[in-house]
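The structure appears below as structure tokens.
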Amino acid sequence: MLLEILTYPNPELLKVSNPVKKFDRHLHFLLDNMAETMYEANGIGLAAPQVGHKVRAFIVDVAINKGDQNQLREFINPKISHGSGSIIFEEGCLSVPGLSEEVKRKEKIRIDYLDRFGKPQTLETEGLLAVAIQHENDHLDGVLFVDRLSPIRRRMAKKKLSKAITL
Ligand code: Y12
Ligand code: CO
């Protein structure tokens with residue numbers, strides 16, 4: 000089932016999400032629907048608050064080349080640690096259509112999280128997957144990629160967005 004993706008400036012996108020407590024069929028239904036919605040929108044990441052669910056869960060699939068096998072990953076109640084290095088990547092967001100900006104993030108990260116069955120998992124990763132994870136993890140704290148820009152670039156980006164909205 001396709002879900003509605005909330006877009007900027009919806010205030011729901013700015014709220015802090017709550018930890019997942021039940022690893023039941025409702026959670027699995029949400030994760031499955033998020034994956035269907037992300038693939039349909041040609042996205043590589045989607046967080047639960049972007050589809051109106053204020054819970055700490057997101058999905059990522061950075062297999063961006065057509066024909067690549069899906070590499071869907073699900074992260075629940077994630078905690079990022081041991082960030083090192085830095086990487087600048089041009090980011091877009093399904094909740095901020097029409098805007099892409101270069102954002103600086105950690106190049107390598109470690110993430111501790113739960114899978115859809117509540118089992119603890121750890122991943123150490125770098126590059127695009129690390130960028131996507133940091134971007135989606137921000138959504139769980141109500142932070143959008145425009146909030147990671149310098150104050151000047153943020154003001155310019157927000158001007159662009161309000162122009163696009165009033166058009
Ligand atoms: C690197 C960069 C961004 C992420 C977060 C996940 N982002 C997405 O899945 C974005 C998908 C997407 C964005 C689009 O818009 C722009 O880029 C401006 C788009 O095109 C339009 O909306 C017209 C299509 C998909 C992770 C890692
Ligand atoms: Co996003």
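In terms of my numbering, the sequence shown opens at residue 0 and continues consecutively. All C-beta atoms, glycine included, are put in the ideal place defined by N, C-alpha and C.
The region 101-109 and the region 62-70 do not touch, with fewer than 3 CB-CB distances between them shorter than 8 Å. Three or more beta-carbon pairs separated by less than 8 Å are not found between the region 81-88 and the region 43-62, which leaves the two stretches without contact.
The three-state secondary structure of D23, taken from DSSP, is coil.
With a cut-off of 7 Å, the C-beta of P96 is classified as near the ligand Y12, since at least one heavy atom of the ligand falls inside that distance. The three-state secondary structure of E3, taken from DSSP, is coil. In the DSSP secondary-structure assignment, I108 is bridged to T124. Spatial neighbours of H52 in its own chain (CB-CB distance under 7 Å, excluding positions within 5 residues in sequence) are listed in chain order as L29. Put simply, the backbone Cα of V95 is about 15 Å away from that of A131.
Scanning its chain for C-beta atoms nearer than 6 Å, with the 5 sequence neighbours on each side dropped, one finds around S16 the residues P48, K53, V54, R55, L139, in chain order. Membership of S161 in any beta strand (DSSP E) is not indicated; the residue belongs instead to the alpha helix (DSSP H) covering 150-165. Straight-line measurement puts the Cα of P150 at about 25 Å from the Cα of A46.
Residues of the same chain with a CB within less than 7 Å of the CB of T36, apart from the 5 flanking positions on each side, are L1, L2, I4, L45, V50 in chain order. Here H134 is buried: its Cβ has 16 or more other Cβ atoms, across all protein chains shown, within 10 Å. Residue state for I58 is assigned as strand, using DSSP reduced to three classes.
Restricting attention to E90, Q70, D111, the CA atom closest to the CA of G82 is found in D111.
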